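This report refers to the structure that appears directly beneath it.
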Amino acid sequence: MNDGKTASDLIRLEGKKLLIPVGGSRANIVQACKINGVEEIHLLVTKSLFPNSDDILKLVRNLGFNTALSIVQIEGPEAGPRDCRDSILQGFREIPDYSPDAIFVTGSTLLMVATICHIFPDAELIALRGKNLVSLSDERNFSTSKEIDVNEYLAIHGLSINEENRLYMNGDLLPAPPLDNYNMEGSKLTLTWTNWDKPTHQFNKKRKAEARAIGATIKQIIDEVGIGAFNFNAYYFGQFILNTTNQLIVKSKPTIEEFRTQIEYSSIPNSLEEISVDKKFTTYKIGRLQAVMKHNNQSDASGGLRTKDQIDKHGRLVIEVENSEDL
Amino acid sequence: MMTSKKILVQILNKSGPIPNISSVIAHSPDIVLFILMNNGRDELTGKFDENLKRIEHWNVSNLPTFFGFDENYELKHPPANGIGVEIQSINLDNLVKESVLIEDKLRAISDNISSCQIIFDVSSGRKEDVANFTRMKFSPEINPSIWYTDSNTGESVEIGGENKQINGKVLDQITSFWLEGFPVIDSVQIYKKSEMNLQLVTDFLDCLEQIARKELEPIDKISALESILKTKGIEMEHLDVQDCFLLEDNQFRIHYSDNSGGDFVISANLFSRESGIWLEQIAAIAALSEWDVDRAYVGLLLVSSNHQKRMQWIKQKLGYERQKMGVIWGKMMALGLITNEFSDISQILKYPRFFLDYISDQWMNLTPELQAMLLTQAAERELDVLAEGLNDTLFVECGLTPNETTVPIKTSQIASLVHSTSLRGYNLSFYCHANFDFSMGRTGSRIFVCSWAQLRNKSGLLELDIQPVFYSD
Chain A
1 MNDGKTASDL
11 IRLEGKKLLI
21 PVGGSRANIV
31 QACKINGVEE
41 IHLLVTKSLF
51 PNSDDILKLV
61 RNLGFNTALS
71 IVQIEGPEAG
81 PRDCRDSILQ
91 GFREIPDYSP
101 DAIFVTGSTL
111 LMVATICHIF
121 PDAELIALRG
131 KNLVSLSDER
141 NFSTSKEIDV
151 NEYLAIHGLS
161 INEENRLYMN
171 GDLLPAPPLD
181 NYNMEGSKLT
191 LTWTNWDKPT
201 HQFNKKRKAE
211 ARAIGATIKQ
221 IIDEVGIGAF
231 NFNAYYFGQF
241 ILNTTNQLIV
251 KSKPTIEEFR
261 TQIEYSSIPN
271 SLEEISVDKK
281 FTTYKIGRLQ
291 AVMKHNNQSD
301 ASGGLRTKDQ
311 IDKHGRLVIE
321 VENSEDL
Chain B
328 MMTSKKILVQ
338 ILNKSGPIPN
348 ISSVIAHSPD
358 IVLFILMNNG
368 RDELTGKFDE
378 NLKRIEHWNV
388 SNLPTFFGFD
398 ENYELKHPPA
408 NGIGVEIQSI
418 NLDNLVKESV
428 LIEDKLRAIS
438 DNISSCQIIF
448 DVSSGRKEDV
458 ANFTRMKFSP
468 EINPSIWYTD
478 SNTGESVEIG
488 GENKQINGKV
498 LDQITSFWLE
508 GFPVIDSVQI
518 YKKSEMNLQL
528 VTDFLDCLEQ
538 IARKELEPID
548 KISALESILK
558 TKGIEMEHLD
568 VQDCFLLEDN
578 QFRIHYSDNS
588 GGDFVISANL
598 FSRESGIWLE
608 QIAAIAALSE
618 WDVDRAYVGL
628 LLVSSNHQKR
638 MQWIKQKLGY
648 ERQKMGVIWG
658 KMMALGLITN
668 EFSDISQILK
678 YPRFFLDYIS
688 DQWMNLTPEL
698 QAMLLTQAAE
708 RELDVLAEGL
718 NDTLFVECGL
728 TPNETTVPIK
738 TSQIASLVHS
748 TSLRGYNLSF
758 YCHANFDFSM
768 GRTGSRIFVC
778 SWAQLRNKSG
788 LLELDIQPVF
798 YSD
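If you're matching them up, the sequences are chains A and B in order. The working numbering applies: residue 1 is where the first sequence begins, and numbers increase by one. The working numbering applies: residue 328 is where the second sequence begins, and numbers increase by one.
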């Protein structure tokens, strides 16, 4: 987890005071609470995201963390940059002897990060890169205890998932269909919706409605917790997903690397589950994704399946029978 | 006499050029130096390169050319002109270790660096880079001040200090669309507050609301509206349809009987339960009448920034629109652009693909008028209403029939546009409908569901608590 570095290479934060600006994404709080031996954590939170500072304390305590926590509540950037800046300066003036040993700079907004880095010039700057906490002054890693659990991650963002994989936010069911998959990728949780209906060239009302519901759900999550807290995938919803989501935020097709991590790439199983067959193509389920094979006119084509190492325009892995001619 | 230059230093943003351009506009420097952080990932390098190119082309006012539009093509909604600043860039691996490279670059671009005003703006880039940026150390003669610029307001504040500057210049939404890679190609209508008589708008909407509540067929409602407007000295003059490509409805010109000016045009298909153009127009003038906006666009069409993709969209859409294809064929025939191969219109309508490829191949030879008609078919996104001013910006999606299914999901398309243009947090999104019995709601801090009549109640909407809308109606 720490790039193979030995314990002596790692910076330790025992007995140190840590300052964490909190934006929409709250995973940094959990990450910071997991750092071994931190004496005290100050959270810099905005009144708009956390009107009641007790809420954030409750969320953290409910997750079982006991590090000493205190809150500095400020006007956020939505109050205007001057009020936000002045509110940060005023907030720390009210704690006269306060000086953090380290600042966590991965969370919150640029204005807040820049302001606290400027007013505490001697504090160590710590960034989260993937699963690692890194010192920006010398690129050394910090020792951390455990990775963030999926349920912890969801809970700190006010989300939960029921047994049917439907998402809830603050107890309310969100409109998106059930998730196909959710898992931690580095320091972020990835939420994936996959359409398993037959591909069709005809207008598909259900797919359109589902794509819109996914778009609405993603918007609600982003409005609540910010743009960077989650990775979103919505696969095989075709053009509809492009019209209902922002492609900078939502991935609509898997990459070849995702196929490589999901399947034994060199030997594709011969008994793939069929999703649909039409005149030209058969679509299969392959892992949690889809593959497509063009029908070969050769009636004697036989043998195992192999990948052509290509993805078609719909995001399906192109496969063929091993002894077939190139298509 | 030596002139002191203002040099702005910024980290180039990855996810779009707007934060960088906003601070350029706010500080009006003589020179801007962009820091490109090396990252070792081709995908990210491509994004940085694209952003820098967009900034450079915006700066010299030829962003449309960069996106493949003909230089001679007269755009209806072009991006605002750039400011012609000198642009420099530098690639760095690490801000902490390579401050000397920035110092060298600053000396290279200025004859006398100690006389220059140097501004570091921290409103773009990765947070960890910005954190380091605020703490960079230089030789004594280089003494930058550190600023943050808010893209939405154009307001800049000095980090750690008390200084603040507002020059009032912010990017308009149309330019923001362009910069984010969504060229705006056309709109059904533009209403400008400065050209309208707001009393006429208010009187008209009051009467419209009164009639809309009556249980009548649309045609009877129009007659009733005409009568009630007459009592207030307002007339509805019928105009014939002008454009089969964009606005297919006939229209009414609304004006005072004494022709005192400030009149406006709306669809003659008022109260229709099938076509919603009238609702979009009414939402636009309702927004103009009550919100702090100075213009409202109806039916904005946004196309791809890539020429080939635009051609694909045109082929795909026109393939299903035989009547429009026939119009295009007729206009090309009149211009002598139809070869023998495509002289039989019946064959073209039967097998449109080859003709559509031909249109694409002939693009450079088409007249601007024909290009404009065709580009309306390349729209990837449509925005029903955009109402914009210095203080308020409203994105409005209209729907005639709100219900349990449409309301939660209808705003997702508009939300994606808002998120795409980096202005999240300030704009207001509306799902606006024509059902007065349906509850008015606020489903997020900046998301509203309301009828067009309720859209006129600005304070009522802004005072709403965030809660789900009710579907009992």
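Where a beta carbon is used, it is the ideal one built from N, C-alpha and C, also for glycine. These numbers were taken from a predicted model, which means no experiment stands behind them.
Cβ shell of S137 of chain A (< 8 angstroms), same chain only, five flanking positions each side left out: E124, L125
Between the CA atoms of K219 of chain A and L63 of chain A - distance to the nearest angstrom: Going from the Cα of L63 of chain A to the Cα of K219 of chain A covers about 26 angstroms.
8 angstroms contact criterion, which S187 of chain A and L128 of chain A should meet: CB distance rounded: 5 angstroms between Cβ atoms; contact.
The segment 352-367 of chain B / the segment 411-418 of chain B touching (three or more Cβ pairs under 8 angstroms): yes
Within 9 angstroms of chain B by C-beta, residues of the segment 25-46 of chain A in sequence order: none
S442 of chain B to I473 of chain B span [Cα, whole Å]: 17 angstroms
Nearest-angstrom Cα separation, counted from I338 of chain B out to R453 of chain B: 8 angstroms
Helix, strand or coil at K541 of chain B [DSSP, three-state]: Three-state DSSP puts K541 of chain B in coil, outside helix and strand.
Same chain, Cβ closer than 7 angstroms to L782 of chain B, neighbours up to 5 away in sequence not counted: Counting only Cβ-Cβ distances below 7 angstroms, and skipping sequence neighbours, we find A610, A613, A614, F757, C759.
Contacting residues, own chain, Cβ-Cβ under 7 angstroms from R608 of chain B (five flanking each side not counted): With the sequence shown as reference, residue 608 of chain B is identified as Gln, and Arg is not the correct amino acid for it. Cβ neighbours of Q608 of chain B beyond the five flanking positions: Q516, I593, S594, V625.
Secondary structure of V72 of chain A, DSSP reduced to three states: strand
For D309 of chain A and I352 of chain B, the rounded distance between their alpha carbons: 47 angstroms
D149 of chain A versus V30 of chain A: straight-line alpha-carbon distance, rounded: 10 angstroms
Amino acids of chain A, ordered along the chain, whose beta-carbon sits closer than 8 angstroms to that of K454 of chain B: V105, T106, G107, S108, L110, V113, A127, listed in chain order.
Proximal residues to M208 of chain A (C-beta, below 7 angstroms), its chain only, five neighbours per side dropped: Residue identity differs from the one stated: residue 208 of chain A is Lys in this sequence, not Met. Excluding sequence neighbours, K208 of chain A sits near F240.
Cβ separation of G107 of chain A and V22 of chain A, assumed to be a contact under 8 angstroms, to the nearest whole Å: A Cβ-Cβ separation of about 6 angstroms places G107 of chain A in contact with V22 of chain A under the 8 angstroms criterion.
Bridge partner(s) assigned by DSSP for D771 of chain B: It is Gly, not Asp, that sits at residue 771 of chain B in the sequence shown. G771 of chain B pairs with B:I774.
Per-residue burial, V427 of chain B [other beta carbons within 10 Å of its own, 16 or more giving buried]: exposed
Within-8 angstroms CB hit, D547 of chain B to chain A: no
Beta carbon of R26 of chain A nearer than 8 angstroms to that of I156 of chain A: yes
Where the alpha helix (DSSP H) containing L49 of chain A begins and where it ends: Careful: L49 of chain A lies outside any alpha helix (DSSP H) and carries neither H nor E.
Distance, G80 of chain A Cα to R751 of chain B Cα: Because the pLDDT at R751 of chain B is just 47, under 50, the model does not fix this residue reliably, and the point stays unresolved.
Of the residues B:D764, B:S587, B:G588, B:N754, the one placed nearest S772 of chain B, counting alpha carbons only: The candidate whose alpha carbon is nearest that of S772 of chain B is B:N754.
Cβ-based burial, I348 of chain B [other Cβ within 10 Å; buried from 16]: buried
Local conformation of F763 of chain B per DSSP, three classes: Here F763 of chain B sits in coil by DSSP.
Continuous alpha helix (DSSP H) assignments of at least 4 residues falling wholly in the segment 76-121 of chain A: 81-93, 110-119
Backbone CA spacing between I214 of chain A and N243 of chain A [nearest angstrom]: Roughly 11 angstroms between the two C-alpha positions.
Cβ of H157 of chain A within 8 angstroms of any chain B Cβ: Cβ-Cβ to chain B under 8 angstroms: no for H157 of chain A.
Whether F531 of chain B touches I561 of chain B by CB criterion (8 angstroms): In contact: F531 of chain B and I561 of chain B (Cβ atoms closer than 8 angstroms).
Listed by chain order, chain B residues near L136 of chain A by CB distance under 8 angstroms: V423, E455, A458, N459
Beta-carbon contacts of L789 of chain B that lie in its chain and below 7 angstroms, excluding the five residues immediately before and after: none
CB contact check: H118 of chain A to chain B, cutoff 8 angstroms: yes
Through-space distance from A706 of chain B to F504 of chain B, alpha-carbon basis: Roughly 13 angstroms between the two C-alpha positions.
Nearest candidate by alpha-carbon position, reference K424 of chain B, set A:E94, A:A114, A:E139: A:E139
Where F681 of chain B falls, given that 16 or more other Cβ within 10 Å makes a residue buried: exposed
Collapsed DSSP secondary structure at A176 of chain A in the structure displayed: Coil, per DSSP.
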